[in-house]
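Q: Below are the C-alpha cells for one structure; questions will follow.
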Amino acid sequence: MKICFLANMNSIHSKKWIYYFLGKGHSISLISIPTKDKISLKDVYFIKEFKYKIFSIVTNIFYVKKIIQKISPDIIHAHYGGVNGALAALSGFHPFVLTVWGSDIMINPKKNLLTKLITKYTLNKSDLITCDAEHMKKAMINFGINAFKIKVIFFGVDTKKFFPSRKDENLQKILDINTNFNVVISSRRLEPICDVETFIKAIPFVLKNFSNTIFIVAGNGSQERELKNLANNLGISEKIRFVGWVPEEAMPKYLNIADIYVSTSLSDGGLSGSTAEAMSCGLPAIITDFGNNRDWIKDGTGGFLIPLKNPEVLAKKISCLIENKDLRIKFGENNRKVIEEKNNYYKEMEKMEEIYNSYV
C-alpha cells in the first residue's frame, strides 16, 4: 500500500506512525515543514512555513497537489487539523484520513472565525477522522461532524521499550541520586500549558517530612530559566535535577529510576504520551483531573487525580505514596496492565492498518 503522510517530521508521534507502516512493508512518503530533525525515509517533500497559517495553506496548496499527483498514493493521512489537514482537504484527494491531536479541535477553532471555518471544512472533507479521546470525538460531533466517520485510535505506547525494569545505577550516579532516596519525576514540556510550576511549588511541602526525596524535571521549553529561578528562590535547587529534553530511547531509564510520576498539565488532547509511558513503566501516577484522565487513572487505583494548580494537594498525594511502598507497587502494576490492554502502540497500529485496508 502507498501511504502519503502530511505530518511534521519533528514529532516523535508522527515518526512512530511512519516507522510502523514502513516496517510493515508499505510504501511511505511524507510531506512536512522543514526541520532540523532527520527521518529514515527516502520520499520526503518539504513545504514552506509562515507565521500566519493561512499563508502556509495558500502558498503550498498547488505544490502539495503536484506532489500527491506524482506520488499517486492509495491513501493520504494528515496529522493535525491545522495546515496539514487543510492542505490534504484542499488537494481533493480521496481517501483522506485525518488524525486530530487536541488543540486543533478543542482550542484553535475558538480563536477566530477563519480558523473555525477552515477546521470545519477540513473535517467535512475527510473520509475518516481518528482521535485519541472520547471528549474530542464529542467535540467534533457537536461541531456537526457525523459520528460514524470518527474512530478513537490511541497513539499508543511502545510497551516493548517502556516496561518496568531495574534502576540504572549508572544514571543514578550521574544524577547524584542516592539509592535509598525517593524519586519523583515530571516529564512534561516546560511550557505554561504543562504547568510544571505547580510541580515545583509542591516540593517544599514534601521536603518538610521527606527530606530524602529528589525531583527530576525531564523536559525543555520556554519556561526553563523561569522555573530554575523559582526553584532557587524556594531554596530547593539541590533537590531538583533539571535534565532537559530526554530522547525517547533514554526515557525508560529515567522513568525506571523514579518511584512516582507527576503531571500537572492544564490540558491534553487525551491521555498524554508522557503519562502513558510512565504508566507502561509501572509507575503510580498523580495527574490533574480534566478531560479523559479519569478514564485512565482511577483515583485510588492507579494513582491520584488532583485539582489544577494546587501544589498543597499535590504534595499530600506525593507524600502519601512516598510513605506507602505497597500502594506504589499496586498502583504501578495496575497502570502497566491498563496500558498493555488499552493503549498498546502495536495493537492500535494494527487497528489503523485494518482501517487503511478497508479504504483501498
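Using UniProt numbering, the letters of the sequence shown correspond one by one to residues 1 to 360. Glycine is no exception: its CB is placed at the ideal position from the N, C-alpha and C atoms.
Report the rounded CA-to-CA distance for L87 versus I61, giving the unit in angstroms.
A: Within the sequence shown, the letter at position 87 stands for residue 87. Within the sequence shown, the letter at position 61 stands for residue 61. Near 6 Å, if we compare the C-alpha coordinates of I61 and L87.
Q: Nearest by alpha-carbon distance to F50: which of G82, L30, I185, K173 is it?
A: Position 50 of the sequence shown holds residue 50. Measuring from the Cα of F50, the nearest candidate turns out to be G82.
Q: Whose CA, out of P204, G235, V338, lies closest to the CA of V313?
A: For this step, residue 313 is matched to residue 313 along the sequence shown. Of the candidates P204, G235, V338, the one whose C-alpha sits nearest the C-alpha of V313 is P204.
Q: State the Cα-Cα distance for the pair F5 and Y19, rounded to the nearest angstrom.
A: Numbered from 1 along the sequence shown, position 5 holds the residue referred to as residue 5. Numbered from 1 along the sequence shown, position 19 holds the residue referred to as residue 19. Distance between the alpha carbons of F5 and Y19: 11 Å.
Q: So is A254 buried or exposed if we call it buried at 16+ other beta carbons inside 10 Å?
A: To locate residue 254, count along the sequence shown from 1; it is residue 254. The question names Ala, yet the displayed sequence has Tyr at residue 254. Buried.
Q: Does DSSP put G303 in a helix, in a strand, or in coil?
A: Mapped onto the sequence shown, residue 303 falls at position 303. Strand at G303.
Q: Measure the Cβ-Cβ separation of S319 and F210 and say whether it is below 8 Å.
A: Translated into positions along the sequence shown, residue 319 becomes position 319. Translated into positions along the sequence shown, residue 210 becomes position 210. Yes, these two residues count as a Cβ contact at 8 Å.
Q: Tell whether a beta-carbon distance below 8 Å holds between L123 and V97.
A: Against the sequence shown, residue 123 aligns to sequence position 123. Against the sequence shown, residue 97 aligns to sequence position 97. No.
Q: Taking the beta carbon of G23 as the centre, do at least 16 other beta carbons fall within 10 Å, making it buried, or is it exposed?
A: Indexing the sequence shown from 1 puts residue 23 at position 23. So G23 counts as exposed.
Q: Name the two residues that bound the continuous beta strand (DSSP E) containing F215.
A: Here residue 215 corresponds to residue number 215 of the sequence shown, with the count starting at 1. First-last of the beta strand (DSSP E) with F215: 213-217.
Q: May I ask you to report which of helix, strand or coil DSSP gives Y80?
A: For this step, residue 80 is matched to residue 80 along the sequence shown. Coil at Y80, not helix or strand.
Q: Hey, out of E277, A78, A231, I193, whose CA is closest to S222's CA?
A: The residue given as residue 222 occupies position 222 in the sequence shown. S222 has its Cα closest to that of I193, out of E277, A78, A231, I193.
Q: On a CA-only basis, which of Y261, N344, R294 is nearest L321? Give me that one, please.
A: The residue labelled residue 321 in the question sits at position 321 within the sequence shown. Among Y261, N344, R294, the Cα nearest to that of L321 belongs to Y261.
Q: Within 10 angstroms of its Cβ, does S72 collect 16 or more other Cβ (buried), or is it exposed?
A: As a first step, residue 72 must be located in the sequence shown, where it is residue number 72. The residue in question, S72, is exposed, as its Cβ has fewer than 16 Cβ neighbours within 10 Å.
Q: For Y52 and Y356, what's the separation of their Cα atoms in angstroms?
A: To locate residue 52, count along the sequence shown from 1; it is residue 52. To locate residue 356, count along the sequence shown from 1; it is residue 356. Y52 and Y356: Cα-Cα distance of roughly 32 Å.
Q: Using the C-alpha atoms, what's the distance from I145 back to K228?
A: Position 228 of the sequence shown, counted from the first residue, corresponds to residue 228. Position 145 of the sequence shown, counted from the first residue, corresponds to residue 145. K228 and I145: Cα-Cα distance of roughly 44 Å.
Q: Grouping DSSP H, G and I as helix and E and B as strand, with all else coil, what is C4?
A: In the sequence shown, residue 4 corresponds to position 4, counting from 1. Three-state DSSP puts C4 in a strand.
Q: Which class does S267 belong to by DSSP, given the choice of helix, strand or coil?
A: In the sequence shown, the residue the question calls residue 267 occupies position 267. Coil, per DSSP.
Q: Round the Cβ separation of Y359 and I3 to the nearest angstrom and send it over; I've been treating them as touching at under 8 Å.
A: Residue mapping note: residue 359 aligns to position 359 of the sequence shown, counting from 1. Residue mapping note: residue 3 aligns to position 3 of the sequence shown, counting from 1. Wrong, their Cβ atoms sit about 11 Å apart, outside the cutoff.
Q: Starting from the C-beta of I57, find all residues in its chain whose C-beta is less than 8 Å away, skip the five residues before and the five after it, and write them out in chain order.
A: Translated into the one-based positions of the sequence shown, residue 57 becomes position 57. V83, A86, L87, L90, I118.
Q: Could you work out which residue in F163, Q172, L41 is closest to I257 when comparing CA atoms only?
A: The residue labelled residue 257 in the question sits at position 257 within the sequence shown. Among F163, Q172, L41, the Cα nearest to that of I257 belongs to Q172.
Q: Mind checking who K151 pairs with in its DSSP beta bridge?
A: As a first step, residue 151 is located in the sequence shown; it is residue number 151 there, counting from the start. According to DSSP, K151 bridges with T130.
Q: Out of curiosity, what's the CA-to-CA distance linking K330 and S274?
A: Position 330 of the sequence shown holds residue 330. Position 274 of the sequence shown holds residue 274. Going from the Cα of K330 to the Cα of S274 covers about 20 Å.
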